[in-house]
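Just so we're on the same page, this note's numbering is the position in the sequence shown counted from 1, plus 8.
C-beta: ideal position from N, C-alpha, C; glycine also.
In this text, all values refer to a predicted model and were calculated from it rather than measured experimentally.
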Amino acid sequence: MSEKMRTLTEPFKIKMVEPLKMTTEAYRKEALEKAGYNPFLLRSDDVFIDLLTDSGTGAMSDKQWSGIMLGDESYAGARSWVHLEKVVKDLTGMEFILPTHQGRAAERILYSILGGSDKTFISNTHFDTTRANIEYTGAQAIDIVCREAEDVEADSPFKGNIDLEKLVQIIEEKGAENIAAVVMTVTNNSSGGQPVSMENMKAVRKICDKYHVMMVIDGCRIAENSFFVQQREANFSDKSCKEIAQEMLNLGDAFVMSAKKDGMVNMGGLLTVKDEALSVKCKNLLIISEGFTTYGGLSGRDMEALAIGLVEVFDEDYLNYRIKSTTYLGQKLKEKGIPVVWPIGGHAVYIDAKKLYNQIPVDQYPGQALVIDLYIQGGIRSVEVGSVMFGKYDSAGKLIPAANELVRLAIPRRVYTQSHIDYVLDIFDDILEMKDQKKGYEITYEPEFLRHFTANFKPIK
Ligand code: F0G
Numbered sequence: 009m010s011e012k013m014r015t016l017t018e019p020f021k022i023k024m025v026e027p028l029k030m031t032t033e034a035y036r037k038e039a040l041e042k043a044g045y046n047p048f049l050l051r052s053d054d055v056f057i058d059l060l061t062d063s064g065t066g067a068m069s070d071k072q073w074s075g076i077m078l079g080d081e082s083y084a085g086a087r088s089w090v091h092l093e094k095v096v097k098d099l100t101g102m103e104f105i106l107p108t109h110q111g112r113a114a115e116r117i118l119y120s121i122l123g124g125s126d127k128t129f130i131s132n133t134h135f136d137t138t139r140a141n142i143e144y145t146g147a148q149a150i151d152i153v154c155r156e157a158e159d160v161e162a163d164s165p166f167k168g169n170i171d172l173e174k175l176v177q178i179i180e181e182k183g184a185e186n187i188a189a190v191v192m193t194v195t196n197n198s199s200g201g202q203p204v205s206m207e208n209m210k211a212v213r214k215i216c217d218k219y220h221v222m223m224v225i226d227g228c229r230i231a232e233n234s235f236f237v238q239q240r241e242a243n244f245s246d247k248s249c250k251e252i253a254q255e256m257l258n259l260g261d262a263f264v265m266s267a268k269k270d271g272m273v274n275m276g277g278l279l280t281v282k283d284e285a286l287s288v289k290c291k292n293l294l295i296i297s298e299g300f301t302t303y304g305g306l307s308g309r310d311m312e313a314l315a316i317g318l319v320e321v322f323d324e325d326y327l328n329y330r331i332k333s334t335t336y337l338g339q340k341l342k343e344k345g346i347p348v349v350w351p352i353g354g355h356a357v358y359i360d361a362k363k364l365y366n367q368i369p370v371d372q373y374p375g376q377a378l379v380i381d382l383y384i385q386g387g388i389r390s391v392e393v394g395s396v397m398f399g400k401y402d403s404a405g406k407l408i409p410a411a412n413e414l415v416r417l418a419i420p421r422r423v424y425t426q427s428h429i430d431y432v433l434d435i436f437d438d439i440l441e442m443k444d445q446k447k448g449y450e451i452t453y454e455p456e457f458l459r460h461f462t463a464n465f466k467p468i469k
């Protein structure tokens with residue numbers, strides 16, 4: 009097709025529909041009040057456009073649904089497992105493949121073996137569950153994302169990269185024998201869904217070889233990352249996204265994947281390793297907690313759908329649409345004057361709520377205020393990634409705020425059409441009109457850990 013700018017169209021048509029409930033502003037106000045002003049506590053029926061997460065919220069294809077019918081539910085050696093194992097071996101180049109029920113199960117198995125109180129893990133950015141599983145073993149998790157990532161608006165192609173200088177420095181300081189692994193998160197979810205370059209990954213591999221440190225790839229969005237490499241990095245434009253993913257995954261000693269993202273399924277995970285002795289230890293834990301080695305926590309039908317999803321996700325037309333549709337939302341928001349993390353990442357758009365609602369102090373949670381307004385105004389569910397999620401208290405009970413006050417709009421795969429996204433953009437016009445009158449929120453209830461999931465709030469008068 010010609011390079012002319014045309015409407016971004018979905019490379020699929022719709023065979024089955026799921027109705028959305030239309031609600032009024034008054035209805036949503038009441039629903040939100042009942043939910044303690046925390047959209048995590050809303051019923052999904054009361055949400056119109058759900059941008060809470062891209063995890064497990066995607067739509068499966070006709071081929072995947074036929075795979076569901078073909079799933080082999082045998083306890084051991086199921087046909088669906090043989091299919092999945094073949095696809096994953098081909099993708100990762102790794103010999104030992106373990107199925108798990110989702111990403112954090114793979115993390116728990118691997119990091120409880122590698123971790124321990126004398127160990128340190130180093131990452132571009134550990135995702136929350138990754139950090140939690142590491143810290144649970146008593147180990148330390150250090151994030152060293154590259155310097156370019158500090159400026160949320162700076163235009164740079166691979167802001168998900170790790171800081172290589174700091175990596176060497178930490179390994180030398182701690183002693184290589186105390187480093188359990190370097191964990192590369194691609195794309196880097198907690199740092200704006202930004203991609204990691206092949207160059208950076210190869211440099212990490214070299215450093216890991218020099219110091220005999222293990223390299224783990226947390227690659228739940230590996231296909232999306234590969235598209236960015238193909239588009240932005242020199243010498244990759246004539247390679248397919250699958251070839252790029254194969255090359256990148258081959259650099260790792262282990263791969264953990266929440267298949268709920270680029271696996272294109274609603275539930276599932278993978279753990280793959282190159283080393284046989286490590287695989288035996290992992291399999292022991294898998295059997296104790298997840299299930300036998302040929303199903304992990306999955307049904308045969310789940311494995312069948314995942315085997316198909318892992319092939320479909322590398323369709324170049326799909327990836328082109330996927331990344332460009334996320335960019336479309338972010339670019340249009342930016343044009344309206346909404347401050348966004350730039351460039352736009354793969355699976356989500358991140359808004360700088362501190363800048364947008366600059367009259368609301370951080371201890372009154374500007375991100376939460378925006379999340380609430382998006383719901384009341386348009387039935388849109390998003391998530392605060394700021395001081396509600398990451399804030400801590402000092403000994404006097406004063407908030408130690410997070411580095412940024414962001415709001416994430418995560419885009420489920422193959423679920424919403426451009427008109428849904430245009431509707432989201434319309435709601436932001438309303439937000440812009442009202443933003444100066446907006447006030448903050450105070451927390452009325454919070455649990456000890458991971459408070460964002462269940463905290464309650466109250467508007468500040
Ligand atoms: N690693 C990364 C980079 C993730 O983004 C996630 C999940 C996990 C691991 C854990 O996988 O949920 O299957 O156990 N991210 C979701 C999100 C929850 O909304 O970003 P899981």
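By the Cβ-count criterion, ASN366 is exposed, with fewer than 16 other Cβ atoms from all chains shown falling within 10 Å of its own Cβ. Residue environment analysis places MET24 among the exposed positions, since fewer than 16 neighbouring C-beta atoms fall within 10 angstroms of its C-beta. Under the DSSP assignment, GLU392 falls in the beta strand (DSSP E) whose first and last residues are 391–393. A residue is called buried once 16 or more other Cβ atoms fall within 10 Å of its Cβ, and ALA253 is buried on that count. DSSP places THR128 in the uninterrupted beta strand (DSSP E) bounded by 128–131.
In its chain, beyond the 5 residues on either side, ASN46, VAL396, ILE451, TYR453, GLU454 have a beta carbon closer than 7 Å to the beta carbon of ALA463. A straight-line Cα-Cα distance of about 7 Å links TYR119 and ASN141. For THR108 and VAL349, the gap between their C-alpha atoms comes out near 33 Å. GLU450 is bridged by DSSP to LYS466.
The segment 128–136 and the segment 189–202 touch, with three or more beta-carbon pairs separated by less than 8 Å. Judged by DSSP secondary structure, ALA285 falls outside any beta strand (DSSP E) and instead within the alpha helix (DSSP H) spanning 284–297. Distances from the CA of HIS355 to each of PHE20, MET30, GLY64 were compared; the closest alpha carbon is that of GLY64. Here the alpha carbons of ALA410 and LEU382 stand approximately 22 Å from one another. Within the segment 111–176, the runs of beta strand (DSSP E) at least 3 residues long that lie entirely inside it are, in chain order, 128–131, 148–151.
DSSP places ASP360 in the strand class (E or B) of the three-state scheme. Relative to the non-hydrogen atoms of ligand 1, the Cβ of ALA231 never comes closer than 7 Å to any of them.
Straight-line spacing of the CA atoms in ASN169 and ASP163 works out to 14 Å. For TYR144, the closest alpha carbon among the candidates GLU161, ASP371, ARG116, ARG155 is that of ARG116. Residue pairing by DSSP places ASN196 opposite GLN202 in a beta bridge. Taking a 10 Å sphere around the C-beta of GLU312, we find 16 or more other C-beta atoms and assign the residue as buried.
Not a single heavy atom of ligand 1 lies less than 7 Å from the C-beta of GLY260. Counting the other Cβ atoms within 10 Å of the Cβ of SER52 gives fewer than 16, which makes it exposed. In the three-state reduction of the DSSP assignment, GLY375 falls in the helix class, which pools H, G and I. Only residues of its own chain outside the window of five on either side were considered, and among them ASP62, THR65, GLY66 have a CB closer than 6 Å to the CB of PRO420, listed in chain order. The closest CA to that of ILE57, considering only ALA34, GLY260, ILE384, TYR449, is found on ILE384. If you check the CB distance, ILE215 and LEU175 come in under 8 Å. By the neighbour-count definition (other C-beta atoms within 10 Å, threshold 16), GLU103 is an exposed residue. A residue is called buried when at least 16 other Cβ atoms come within 10 angstroms of its Cβ; ASP430 does not meet this threshold and is exposed. Under the DSSP definition of a beta bridge, SER266 partners with GLY277. The beta-bridge partner set that DSSP reports for VAL191 consists of SER131, VAL224. Residue pairing of ASP58 in beta bridges, as defined by DSSP: ARG389. Nearest in C-alpha terms to VAL160, of all of THR32, VAL391, GLN177, PRO351, is PRO351. In the DSSP assignment, LYS400 is bridged to ILE408. At the C-beta level, GLY386 and LEU414 stay beyond 8 Å of one another. In the DSSP annotation of this structure, ALA418 is not part of any alpha helix (DSSP H); the continuous beta strand (DSSP E) holding it starts and ends at 414–418.
DSSP, reduced to helix, strand and coil, places THR108 within a strand of the structure shown.
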